[in-house]
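Structure first, commentary second.
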Amino acid sequence: MYCGYKALSLGPLSLTSLIVSFSVIFPLIYGIVFCGERITAVKCAGFVFLALAIVSVNISGGVSDKTKKMNNRSLKWEIFVFATFACNGLCSVLQKMHQIKYPGRYCSEFMLFAMLVCSIIFLAVGLQATKPKAYKTIKGKRYAALSGIANAAANYSSIALAGYENASVMYPAISAGTILATVIFGTVIFKERLKYNQMLALLCGIVSVICLKI
2 MYCGYKALSL GPLSLTSLIV SFSVIFPLIY GIVFCGERIT AVKCAGFVFL
52 ALAIVSVNIS GGVSDKTKKM NNRSLKWEIF VFATFACNGL CSVLQKMHQI
102 KYPGRYCSEF MLFAMLVCSI IFLAVGLQAT KPKAYKTIKG KRYAALSGIA
152 NAAANYSSIA LAGYENASVM YPAISAGTIL ATVIFGTVIF KERLKYNQML
202 ALLCGIVSVI CLKI
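Under our numbering, read the sequence shown as residues 2 to 215, first letter to last.
Below, the structure written as structure tokens:
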């Protein structure tokens with residue numbers, strides 16, 4: 002969560018979201034190697050589009066002009082994006098391991114405990130870095146609160162929908178919708194301007210995530 006926040010502060014929203022979305026390959030590989038899941042033609046197509054997206058995003062530097070002007074920030078962005086990508090993928094693997102052992106059970110309890118651990122860690126780090134009284138003057142508290150509400154609503158909605166909608170329809174729709182939403186917000190609100198190769202990477206990335214999750 003921390004690395005994802007830092008990545009967003011250093012680089013483009015749309016490309017950050019796209020790269021992090023590729024973390025789906027972690028549970029996919031885990032399922033194939035350790036759970037005996039089949040490799041389908043659709044998943045193979047997903048890997049092909051994933052490769053195309055990676056190649057496209059790296060043409061001409063692969064990051065926006067605003068980011069390229071600061072090479073040191075670009076390197077930090079790449080590090081934090083990779084860390085977010087890896088951690089998200091490992092979290093997905095842990096969720097899959099949990100559901101293999103307790104199929105269809107304890108989803109809310111799992112999320113509650115996970116978020117509780119995050120809260121305790123960030124509280125301890127925050128108290129160490131900042132004097133308690135200074136929290137009254139911390140900027141951006143309302144954004145953090147809204148982010149927490151949106152995060153909780155998204156996770157609860159995903160769990161609620163899982164009982165009514167097929168996974169092959171639900172998860173690709175959520176992934177594609179999330180990427181498209183970040184592109185729209187990045188373009189409209191943050192005035193990000195993507196190059197043609199980056200637009201191609203986004204398109205290939207959306208198709209790849211959908212194929213990998215089907």
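Glycine included, every Cβ here is placed at the ideal spot set by N, Cα and C. The structure presented is a predicted model; accordingly, all values stated were derived computationally and were not measured.
Cβ distance (whole Å) where residue i is taken to contact residue j below 8 Å
i	j	result
residue 25	residue 208	Actually they are not in contact, since the Cβ atoms of residue 25 and residue 208 sit about 13 Å apart, beyond 8 Å.
residue 111	residue 99	6 Å
residue 47	residue 213	4 Å
residue 57	residue 205	6 Å
Limits of the unbroken alpha helix (DSSP H) element including residue i
i	result
residue 123	108 to 130
residue 34	26 to 35
residue 20	14 to 22
residue 5	3 to 11
Residues of its chain near residue i, where Cβ-Cβ distance is below 7 Å and the 5 sequence neighbours each way are ignored
i	result
residue 89	21 and 24
residue 84	4
residue 191	14
residue 38	32
residue 92	none
Residue from the options whose Cα sits closest to the Cα of residue i
i	options	result
residue 149	120, 54, 182 and 14	120
residue 158	35, 101, 78 and 175	175
residue 19	114, 51, 94 and 117	51
residue 27	94, 115, 117 and 16	94
residue 151	179, 126, 105 and 127	179
residue 1	189, 8 and 188	The first residue shown for the chain is 2 and the last is 215, placing residue 1 beyond what the model contains.
residue 35	183, 101, 127 and 10	101
residue 87	2, 205 and 114	2
residue 200	40, 42, 153 and 53	53
residue 6	154, 145 and 181	145
Where residue i sits in the DSSP three-state scheme
i	result
residue 143	helix
residue 50	helix
residue 179	helix
residue 45	helix
residue 103	coil
residue 196	coil
residue 244	Only positions 2 to 215 of the chain appear in the structure, and residue 244 is not among them; the question remains open.
residue 190	coil
residue 64	Residue confidence for residue 64 is low, a pLDDT of 47 falling below 50, so the modelled location carries little weight and cannot support an answer.
Same chain only: Cβ atoms within 8 Å of residue i, ignoring 5 sequence neighbours per side
i	result
residue 156	112
residue 44	29, 212, 213 and 215
Below-7 Å beta-carbon distance, residue i vs any chain B residue
i	result
residue 24	Of the chains in the structure shown, none is chain B; there is only one protein chain.
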